[in-house]
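Take a look at the structure set out below.
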Amino acid sequence: MKGEVHSHLEESIRPYIDLIDTLRSVGIHKDLALPTIAVIGDQSSGKSSVLEALSGIALPRGSGIVTRCPLELRLKKVAGGVNWKAVLSYRDKKTEFVDSSLVENYIEQAQNELAGKGVGICDELITLEVMSPDVCDLTLIDLPGIARVPVKGQPEDIEKQIKRLIIKYIEKQETINMVVVPCNIDIATTEALIMAQKVDPEGKRTVGILTKPDLIDRGTESKIMDIAQNKTIPLRKGYIMVKCRGQHQINEKISLEEAAQKERDFFQKHNFFRHLIHFESKSLFMLFIYLFFTHFCQKSLPQLNEQIKKQLWDLRNELKECDAGPPQDPKGAKQFLTETLIGFINQIKSISEGELIIEENLFAQLRMEFKKWNDHLNETKQSCQYIFIFTKHNIKEIKFNQNYRGRELLGFSNYKMFEVVLQKHVTTLKEPAIDLLSAIKGIFMFNIFLDKIYNIQSVQQEKAEKRISEQFEMEHMIFTQDPIYLKSLREITKEPFSEEQLPLFDKKCTYITNMKLFSETEWTAVLSSSLIFFQIVVQRMSDQLPMMITLFMLKQTAHLLSIDMLSLLDGANVSELLFEDSDVGKKRRDLHARLDRMRIGQEKISNFI
């Protein structure tokens, strides 16, 4: 009988289990519910013992919450050649091992990493795949036991957290609920069974597993029989009674095989329970579970196939609404990268030359900043008047700062003092000049932000700052050509000053206020020598700084960036370069991932059906 049962399972049941495991492996469960057997029970109900008896694997046991994360237990019966092998996986980690005694330790480590050390829980899935000739073909999900009262270290709402996690699984119509209920308590107060009734009121997808029959009080056997015979709280698939290893037997190191024999002896000798379906006839029980699961899958798969088709249709429509994005194949991605870089370089060149007007007009912003700089320069001219030359008939005001006067007579100027005053005044312009550079950098980064541009512009900014500092060092020399000075003098005085009159100003720029020299001309303007020279400085700085900044921060940056971009094609990691961190990019990647797994799922189900 055992051989016939196993042969039937291999031919008829295993394909369904493999299909569901494959769909779960590719991630279909993230979008759609898959046929699942979920094992639930109150804390200390014997849930771990049931799983241990089914799988032949010693799972973590103890007092309190032992299962703190959902544990997917994939059991695969394999032919000879493989004694025992397991793979534990969670998140992106995967551990293979061949020693069954390490199961408890590896699961505990995984739970500590996901849920933290202690008694907290987490809804992230841990998968334990076991391949052995001695296990039955089955996949179960073990869920945390329901704790009513929080113990030390647990949050006050631990019961709500666990119930919320359990509901997430058992409320799905695709889930078979295997409810573990101890015989030695009032079944009506079992929280796990109450929860199963709420999500499955007709009991169509709920199986009851009665545990601890050896702990019931004498005289209550008939009451337990009514429950086992489906008379108390009816379930379509009824109840099965089991007697598993207790903690005392585990402490005495009684093996699973010896425990199974003790279970058979217990039921065969029991006056009431010997006629019930229990693990003493394990093959029959497994056949019952498998047939239930197979029927469940046969009913669910056509609906699942239609759901996948609808998802594929919706995903394709959503992808159409997103930007095209980079191609998925390597060759197309490389071509896309090349075209993108060339387009980017052309755009940078056009922006830097003022040929491309973008929404945030770069040159319009530059002009605004350069105008602010020019206006600031012009405003500072008013504070630069040193000694006034005035007209014979129109003396309105003489502004003369005595602090700038040396031993010279009135009307004469100390050139060194004149030089110092101008140098101090020019120095006050350096900080606004650096501020202008920073403002311009902010405009460039706002318009074309990229890490590489930032790095290049940081270097270019240092160069520009150095050139600006050099420019101010040169301005401290207080120099200009005579014709330029004369031209500025004419513009301010509105008089036809000629070069012949320049000797009136000696080499040290002594200012002569002898009115007889200009007796034929009535001046109407008040003239400041420092103002004349500062006017020249203003003209130089007004153009020179913007030109310097534009050269270093725009033109050279664009050129260096173009070279840097082209160098990316040399041995580039295309996938890394085309990775998008934007919301649209994240959405597109998510849609493509879902589309891929849906395509695989549809192919697998179509081939199966």
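Going by our numbering, the sequence shown opens with residue 18, and the numbers climb by one from there. The C-beta atom is built at its ideal place from N, Cα and C for all residues, glycine as well.
Taking C-alpha positions only, S272 is separated from D151 by approximately 15 Å.
One alpha carbon belongs to R281, the other to L71, and they sit about 15 Å apart. Scanning the region 218-301 from its first residue to its last, the whole beta strand (DSSP E) runs of 3-plus residues come out as 223-228, 256-258.
Burial state of N194 is buried, judged by a 10 Å Cβ sphere holding 16 or more other Cβ atoms.
For N363, the enclosing alpha helix (DSSP H) begins and ends at 347-369. DSSP places E113 in the strand class (E or B) of the three-state scheme. Put simply, the backbone Cα of L329 is about 14 Å away from that of R605. Straight-line spacing of the CA atoms in L160 and I184 works out to 10 Å. In this structure, the CA atom of D600 is about 20 Å from the CA atom of T357.
The residue from L571, C200, F489 with its alpha-carbon nearest to that of K366 is L571.
Across the structure, S149 and F289 are spaced so that their CA atoms are roughly 36 Å apart. In the DSSP annotation of this structure, the continuous segment of the alpha helix (DSSP H) that includes D392 starts and ends at 379-398.
Here I204 is near I244, since their CB atoms are less than 7 Å apart. For V554, the number of other beta carbons within 10 angstroms of its own is at least 16, and it is reported as buried.
V147 has L92, A103 as its beta-bridge partners, per DSSP. For M195, the pairing in a beta bridge is given by DSSP as V56, V224. In the three-state scheme derived from DSSP, where H, G and I count as helix and E and B as strand, I163 is classed as strand. Between the C-alpha atoms of P500 and N391 there is a straight-line separation of about 23 Å. Annotation: the continuous alpha helix (DSSP H) that includes N122 extends over 120-132. Residues F569 of the same chain have their beta carbon placed closer than 6 Å to that of K480, with the five preceding and five following residues left out of the count. Apart from the 5 residues on each side of it in sequence, E620 has no Cβ closer than 8 Å to any other Cβ in its chain. Per DSSP, the continuous alpha helix (DSSP H) segment holding N624 begins and ends at 600-625. A contact is defined here as three or more CB-CB pairs under 8 Å, and the region 246-256 meets this definition with respect to the region 220-228.
Looking at the backbone, the Cα of L336 and that of M582 are separated by about 29 Å.
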